[in-house]
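Chains as they are written, first to last, in our numbering: chain B, 1 to 199; chain C, 200 to 398.
There are 2 protein chains.
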Amino acid sequence: MAAGLARYLASMEAIRQYFNQLVPLEDAEWQAFAACLTKRTVKRKEKILLLGQVCHEVCFIESGSFRFFHEREDGSEWVTAFFFAGDFVTNYRSVITNQPSSHHIEAMQDAVILSIQKADLFRLYLEFHALDRLGRRIAEGLYLTVAHRLDAFLYESPEERYEALLQRNSRLLNEVPQYMIASYLGVKPETLSRIRARR
Amino acid sequence: MAAGLARYLASMEAIRQYFNQLVPLEDAEWQAFAACLTKRTVKRKEKILLLGQVCHEVCFIESGSFRFFHEREDGSEWVTAFFFAGDFVTNYRSVITNQPSSHHIEAMQDAVILSIQKADLFRLYLEFHALDRLGRRIAEGLYLTVAHRLDAFLYESPEERYEALLQRNSRLLNEVPQYMIASYLGVKPETLSRIRARR
DNA sequence: ATGTTTTCTTGACCAAAGTCAACCATTTCT
DNA sequence: AGAAATGGTTGACTTTGGTCAAGAAAACAT
Numbered sequence: 001m002a003a004g005l006a007r008y009l010a011s012m013e014a015i016r017q018y019f020n021q022l023v024p025l026e027d028a029e030w031q032a033f034a035a036c037l038t039k040r041t042v043k044r045k046e047k048i049l050l051l052g053q054v055c056h057e058v059c060f061i062e063s064g065s066f067r068f069f070h071e072r073e074d075g076s077e078w079v080t081a082f083f084f085a086g087d088f089v090t091n092y093r094s095v096i097t098n099q100p101s102s103h104h105i106e107a108m109q110d111a112v113i114l115s116i117q118k119a120d121l122f123r124l125y126l127e128f129h130a131l132d133r134l135g136r137r138i139a140e141g142l143y144l145t146v147a148h149r150l151d152a153f154l155y156e157s158p159e160e161r162y163e164a165l166l167q168r169n170s171r172l173l174n175e176v177p178q179y180m181i182a183s184y185l186g187v188k189p190e191t192l193s194r195i196r197a198r199r
Numbered sequence: 200m201a202a203g204l205a206r207y208l209a210s211m212e213a214i215r216q217y218f219n220q221l222v223p224l225e226d227a228e229w230q231a232f233a234a235c236l237t238k239r240t241v242k243r244k245e246k247i248l249l250l251g252q253v254c255h256e257v258c259f260i261e262s263g264s265f266r267f268f269h270e271r272e273d274g275s276e277w278v279t280a281f282f283f284a285g286d287f288v289t290n291y292r293s294v295i296t297n298q299p300s301s302h303h304i305e306a307m308q309d310a311v312i313l314s315i316q317k318a319d320l321f322r323l324y325l326e327f328h329a330l331d332r333l334g335r336r337i338a339e340g341l342y343l344t345v346a347h348r349l350d351a352f353l354y355e356s357p358e359e360r361y362e363a364l365l366q367r368n369s370r371l372l373n374e375v376p377q378y379m380i381a382s383y384l385g386v387k388p389e390t391l392s393r394i395r396a397r398r
């Protein structure tokens, strides 16, 4: 399995690059983190976290993609975020509060992930200043992302959100069905269809 | 000014309590933080941060109250949050990204605040693991708050948001004008008035 | 107390997105 | 290839909140 090993090493390198952008890590700090990662495969439509479960892990996506979505009592689904190869995916809210997740996390394609358990993560935070700092930077990043998304919902029309998404991530439109894009934009599929028709 | 001194000491104690809930601090860590705080007074309707300015400080409110709001091109104002005695107020997004604020921060009453400059804060983060950790906990808290607010906008009606606010903070309704509550709930004053009328 | 702002309410009308239903188009399965 | 499932479009109608305008009520200043 030389190809598998090569991809694994590439993933590890990708994670280290990602971290180094936020906080430069010494080898010992990095090794301690890397030693906690375990690899597994996930099938398309398989959920790695169910609504109602407490989330115990943070996953790096080596390949494949995921959607993070809420399911309402009436069965309707509302996508909060999409995650692709190179991203981390978790319900960090559930991880830090220990409360049941209000969202599902589901693979949109077959995927390979590297995960770290929250117990290990919290131990690393205590042990290494640099990793706690990294955790701060990551939490700050999550805050910026969700604050920006809130602003988009408060101050922009669905059409403006769609335009902004096009600018930011036109690739997304080819990779996920339009009804999930609509859901992410906070409108019904019919509405997105009409937005697209009148451009 | 014995009364002023007493209130100042009470504020310092309040901040230390607040921090200790998140991360227990040793005396040296606390002293280093406390030494960075400066006190000042703010008049009603005075802005401590203007839209377009980069935010350079984090403020603890000893007395008084503030609103954090966005102003649109058409002049309409949308309140994102209210802050009262015992809270910290800042545009943390602007602090960590160094980008101009997209919101104003304005005193709703005469106020007294204790502020720390971001340069000092970042220095303390580097110097003390416990303070970096505290910063992580605070960033996590901001993330939880804004994620919850986003969920409220995505999954609840204005009426449900109003009910939830009543449960959570009925005091608020007496302390700030109703049109600001409406703004915080994301509706026009007329709409909030009608929501209240039909209960 | 009186007059002036400021805040809140109500009504008539409008615009935007949701609902429901029918119908294409495309992909997938056998 | 043909059937079935999935995804996307369009039309008629409804619902919700916004807009505009007039007034009532409350807060504040002189």
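A virtual CB, placed ideally from N, CA and C, is assigned to each residue, including glycine.
Just so it is clear, the structure is predicted and the values come from calculations on it, not from any experiment.
ASP331 (chain C), buried or exposed, once every other Cβ within 10 Å from all chains shown has been counted against 16: In the second sequence, counting from the first residue as 1, residue 331 (chain C) sits at position 132. ASP331 (chain C) is buried by the Cβ-count criterion.
Proximal residues of chain B, C-beta to C-beta of VAL345 (chain C) below 8 angstroms: Indexing the second sequence from 1 puts residue 345 (chain C) at position 146. Per Cβ cutoff of 8 angstroms: TYR143, VAL146, ALA147 and LEU150.
Three-state class that DSSP yields for GLU57 (chain B) in the structure shown: Working through the first sequence from its first residue, we reach residue 57 (chain B) at position 57. Reduced to three states, the DSSP call for GLU57 (chain B) is strand.
Coarse secondary structure for LYS317 (chain C), derived from DSSP in three states: Counted from its first residue, the second sequence places residue 317 (chain C) at position 118. LYS317 (chain C): helix per DSSP, three-state reduction.
Cβ neighbour criterion (16 or more within 10 Å) applied to GLU140 (chain B): Position 140 of the first sequence, counting from 1, holds the residue named residue 140 (chain B). Buried, since its Cβ has 16 or more Cβ neighbours within 10 Å.
Contact with chain B by HIS328 (chain C), beta-carbon distance below 8 angstroms: Numbered from its first residue, the second sequence carries residue 328 (chain C) at position 129. Yes - at least one Cβ of chain B is within 8 angstroms of the one on HIS328 (chain C).
Proximity test, Cβ basis, 8 angstroms: ASP331 (chain C) and chain B: Taking the second sequence and counting its residues from 1, one reaches residue 331 (chain C) at position 132. Yes, ASP331 (chain C) lies at the interface with chain B (some Cβ there is under 8 angstroms from its Cβ).
Sequence-distant residues of the same chain with beta carbon closer than 8 angstroms to TYR316 (chain C), five excluded per side: Position 117 of the second sequence holds residue 316 (chain C). Going by the sequence as given, residue 316 (chain C) is Gln instead of Tyr. Same-chain partners within the cutoff: CYS235, HIS255 and GLU256.
Cα-Cα separation between ARG266 (chain C) and GLY64 (chain B), rounded to whole angstroms: As a position in the second sequence, residue 266 (chain C) is number 67, starting the count at 1. As a position in the first sequence, residue 64 (chain B) is number 64, starting the count at 1. Going from the Cα of ARG266 (chain C) to the Cα of GLY64 (chain B) covers about 43 angstroms.
CB of ALA306 (chain C) within 8 angstroms of CB of LYS242 (chain C), strictly: Locating residue 306 (chain C) in the second sequence gives position 107, where the first residue counts as 1. Locating residue 242 (chain C) in the second sequence gives position 43, where the first residue counts as 1. Contact flag set, yes.
Chain-ordered chain B contacts of ALA338 (chain C) [CB-CB under 7 angstroms]: Mapped onto the second sequence, residue 338 (chain C) falls at position 139. Ordered by position in chain B, the residues that pass the 7 angstroms Cβ test against ALA338 (chain C) are ARG136, ALA139, GLU140 and TYR143.
Close Cβ partners of TYR378 (chain C) (< 7 angstroms) along its chain, the five nearest in sequence each way excluded: One-based indexing of the second sequence puts residue 378 (chain C) at position 179. Excluding sequence neighbours, TYR378 (chain C) sits near PRO388.
At least three beta-carbon pairs within less than 8 angstroms, the region 333–349 of chain C to the region 80–100 of chain B: yes
beta-carbon GLN117 (chain B) near the ligand SAM non-hydrogen atom, thresh 7 angstroms: Annotation note on the ligand SAM: not contained in the displayed structure, which lists no ligands.
Segments assigned beta strand (DSSP E), at least 3 residues, entirely inside the region 231–279 of chain C: The qualifying runs are 237–241, 246–248, 256–262 and 264–270.
Per-residue DSSP class, three states only, for PHE352 (chain C): Here residue 352 (chain C) is taken as the residue at index 153 of the second sequence, counted from 1. PHE352 (chain C): helix per DSSP, three-state reduction.
GLU261 (chain C) versus C:LEU248, C:THR240, C:LEU249 and C:LYS246, residue with shortest Cα-Cα distance: Within the second sequence, the letter at position 62 stands for residue 261 (chain C). That would be C:THR240, whose Cα lies nearest to the Cα of GLU261 (chain C).
Whole-angstrom C-beta distance between ARG360 (chain C) and ASP351 (chain C), which should lie under 8 angstroms: What you label residue 351 (chain C) is simply residue 152 of the second sequence in a count that begins at 1. What you label residue 360 (chain C) is simply residue 161 of the second sequence in a count that begins at 1. According to the sequence as given, residue 351 (chain C) is Ala; it is not Asp. About 5 angstroms separates the two Cβ atoms, so the contact holds.
Cutoff 8 angstroms: GLY274 (chain C) Cβ touching any chain B Cβ: Along the second sequence, one-based indexing puts residue 274 (chain C) at 75. It does not; no Cβ of chain B falls within 8 angstroms.
Simplified DSSP assignment, three categories, for PHE283 (chain C): As a first step, residue 283 (chain C) is located in the second sequence; it is residue number 84 there, counting from the start. DSSP places PHE283 (chain C) in strand when its eight states are reduced to three.
DSSP-derived helix/strand/coil call for VAL95 (chain B): On the first sequence, position 95 is the one that residue 95 (chain B) refers to. Correct three-state label for VAL95 (chain B): helix.
Expected contact under 8 angstroms - CB spacing of GLY52 (chain B) and SER101 (chain B) to nearest Å: Taking the first sequence and counting its residues from 1, the one referred to as residue 52 (chain B) is at position 52. Taking the first sequence and counting its residues from 1, the one referred to as residue 101 (chain B) is at position 101. Right, their Cβ atoms sit about 7 angstroms apart.
Any chain B beta carbon closer than 8 angstroms to GLY385 (chain C): Counted from its first residue, the second sequence places residue 385 (chain C) at position 186. Taking Cβ atoms only, chain B reaches closer than 8 angstroms to GLY385 (chain C), which makes this a yes.
Exposure label - SER76 (chain B); buried when at least 16 CB within 10 Å: As a first step, residue 76 (chain B) must be located in the first sequence, where it is residue number 76. Exposed is the call here.
Contact set between ARG271 (chain C) and chain B, taken where Cβ atoms lie within less than 8 angstroms: Position 72 of the second sequence, counted from the first residue, corresponds to residue 271 (chain C). The contacting residues are TYR155.
N-terminal and C-terminal residue of the alpha helix (DSSP H) that GLU160 (chain B) is part of: On the first sequence, position 160 is the one that residue 160 (chain B) refers to. 158–168 is the extent of the alpha helix (DSSP H) around GLU160 (chain B).
is_contact[TRP78 (chain B), chain C] using C-beta, thresh 8 angstroms: In the first sequence, counting from the first residue as 1, residue 78 (chain B) sits at position 78. Yes, its Cβ sits closer than 8 angstroms to a Cβ of chain C.
For GLU225 (chain C): DSSP bridge partner residues: Taking the second sequence and counting its residues from 1, one reaches residue 225 (chain C) at position 26. For GLU225 (chain C), which the question treats as bridged, DSSP gives no partner whatsoever.
Assigned exposure category for ARG335 (chain C) - 16 Cβ within 10 Å defines buried: As a working note, residue 335 (chain C) is residue 136 in the second sequence. Its Cβ being crowded by 16 or more others within 10 Å, ARG335 (chain C) is buried.
Beta-carbon proximity list for VAL79 (chain B), same chain, < 6 angstroms, skipping 5 on both sides: The residue labelled residue 79 (chain B) in the question sits at position 79 within the first sequence. The answer, listed in chain order, is ARG67, PHE69, MET180, SER183 and TYR184.
Residue range of the alpha helix (DSSP H) that includes MET379 (chain C): Against the second sequence, residue 379 (chain C) aligns to sequence position 180. From DSSP, the alpha helix (DSSP H) with MET379 (chain C) extends over 377–384.
Beta-carbon separation (whole angstroms), THR191 (chain B) vs SER115 (chain B), contact threshold 8 angstroms: By 1-based counting over the first sequence, the position of residue 191 (chain B) is 191. By 1-based counting over the first sequence, the position of residue 115 (chain B) is 115. At roughly 36 angstroms, the Cβ-Cβ gap does not stay under 8 angstroms, so THR191 (chain B) and SER115 (chain B) are not in contact.
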